[in-house]
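Trainee:
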Amino acid sequence: MAAKGWIEVSDLYCKGCELCISACPQEVMELDTTRLTPKGYHPAHTFKDGCTGCAICALVCPDAAITVYREITKAAPVPA
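Those letters in the sequence shown? Residues 627 to 706, by our numbering.
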(Lines of atoms letter the chains of each structure in order from A and count residues from 1; the text may use other names and numbers.)
(Lines give C-alpha, C1' and ligand atoms only; values in the text may rest on other atoms or scores of the structure.)
Protein backbone atom coordinates (compact mmCIF):
# COMPACT_ATOMS: atom_id res chain seq x y z
CA MET A 1 0.00 0.00 0.00
CA ALA A 2 1.40 3.40 -0.99
CA ALA A 3 2.07 5.98 1.69
CA LYS A 4 -0.47 8.77 2.01
CA GLY A 5 0.57 12.35 2.53
CA TRP A 6 -0.55 15.88 1.94
CA ILE A 7 0.95 19.34 1.90
CA GLU A 8 0.02 22.84 2.93
CA VAL A 9 1.52 25.77 1.05
CA SER A 10 1.75 29.09 2.89
CA ASP A 11 0.34 31.92 0.82
CA LEU A 12 2.52 34.32 2.79
CA TYR A 13 5.75 32.73 1.56
CA CYS A 14 5.02 31.01 -1.79
CA LYS A 15 6.24 33.04 -4.76
CA GLY A 16 5.21 30.59 -7.47
CA CYS A 17 8.75 29.67 -8.51
CA GLU A 18 7.60 26.15 -9.53
CA LEU A 19 10.66 24.36 -8.08
CA CYS A 20 8.36 22.13 -6.03
CA ILE A 21 6.29 21.31 -9.10
CA SER A 22 9.28 20.15 -11.12
CA ALA A 23 10.70 18.23 -8.14
CA CYS A 24 7.51 16.28 -7.29
CA PRO A 25 8.07 12.62 -8.28
CA GLN A 26 4.32 11.93 -8.17
CA GLU A 27 3.53 14.89 -10.46
CA VAL A 28 0.60 16.01 -8.30
CA MET A 29 1.47 19.70 -7.94
CA GLU A 30 0.67 22.73 -10.06
CA LEU A 31 0.17 26.47 -9.70
CA ASP A 32 -3.31 27.49 -8.61
CA THR A 33 -4.13 30.00 -11.34
CA THR A 34 -7.48 30.83 -9.71
CA ARG A 35 -5.87 32.45 -6.64
CA LEU A 36 -3.19 34.99 -5.86
CA THR A 37 -1.01 35.29 -2.77
CA PRO A 38 -0.88 38.62 -0.90
CA LYS A 39 2.24 39.42 -2.95
CA GLY A 40 0.47 38.69 -6.26
CA TYR A 41 1.83 35.23 -7.11
CA HIS A 42 -0.08 32.09 -8.05
CA PRO A 43 0.64 29.63 -5.21
CA ALA A 44 1.49 25.97 -5.69
CA HIS A 45 -0.98 23.30 -4.59
CA THR A 46 -1.78 19.62 -5.11
CA PHE A 47 -4.37 19.12 -7.81
CA LYS A 48 -5.00 15.39 -7.44
CA ASP A 49 -4.53 12.55 -4.97
CA GLY A 50 -1.24 10.76 -4.99
CA CYS A 51 0.97 12.72 -2.61
CA THR A 52 3.09 10.26 -0.62
CA GLY A 53 4.52 12.80 1.81
CA CYS A 54 8.06 12.31 0.50
CA ALA A 55 8.85 15.99 1.33
CA ILE A 56 11.02 16.60 -1.74
CA CYS A 57 8.88 19.65 -2.54
CA ALA A 58 9.54 21.11 0.92
CA LEU A 59 13.28 20.45 0.63
CA VAL A 60 13.63 22.34 -2.65
CA CYS A 61 11.38 25.27 -1.63
CA PRO A 62 13.70 28.27 -1.20
CA ASP A 63 11.16 30.08 1.00
CA ALA A 64 10.14 27.22 3.33
CA ALA A 65 6.55 27.71 2.22
CA ILE A 66 5.59 24.01 2.24
CA THR A 67 4.61 21.89 5.23
CA VAL A 68 4.37 18.15 4.60
CA TYR A 69 2.13 15.77 6.52
CA ARG A 70 2.13 11.97 6.44
CA GLU A 71 -0.64 9.62 7.44
CA ILE A 72 0.58 7.18 10.06
CA THR A 73 -0.97 3.75 10.07
CA LYS A 74 -0.52 1.22 12.81
CA ALA A 75 1.19 -1.96 11.76
CA ALA A 76 -0.68 -5.20 12.32
CA PRO A 77 0.63 -7.09 15.34
CA VAL A 78 2.98 -9.91 14.47
CA PRO A 79 1.98 -13.25 16.03
CA ALA A 80 4.61 -14.62 18.38
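Even for Gly, the Cβ is constructed at its ideal location relative to N, Cα and C.
From a predicted model like this one, the values you see are computed outputs, not experimental measurements.
Could you name the residues that DSSP lists as bridge partners for Ile692?
Mentor: According to DSSP, Ile692 bridges with Val635.
Trainee: Can you tell me whether Val654 is buried or exposed, with buried defined as 16 or more other CB within 10 angstroms of its CB?
Mentor: So Val654 ends up on the buried side.
Trainee: Please report how far the alpha carbon of Gln727 lies from the alpha carbon of Tyr695, in whole angstroms.
Mentor: Coverage of the chain is limited to positions 627 through 706, which leaves residue 727 absent and any answer about it impossible.
Trainee: Distance check for Val704 and Leu657, CA to CA, integer angstroms please.
Mentor: When rounded, the distance between both Cα atoms is 44 angstroms.
Trainee: Should Ile633 be labelled buried (16 or more other beta-carbon atoms within 10 Å of its own) or exposed?
Mentor: Per the 10 Å Cβ criterion, buried.
Trainee: Could you round the C-beta distance between Lys641 and Asp675 to whole angstroms and report it? I think they count as a contact, below 8 angstroms.
Mentor: So it is not a contact: roughly 26 angstroms between Cβ atoms.
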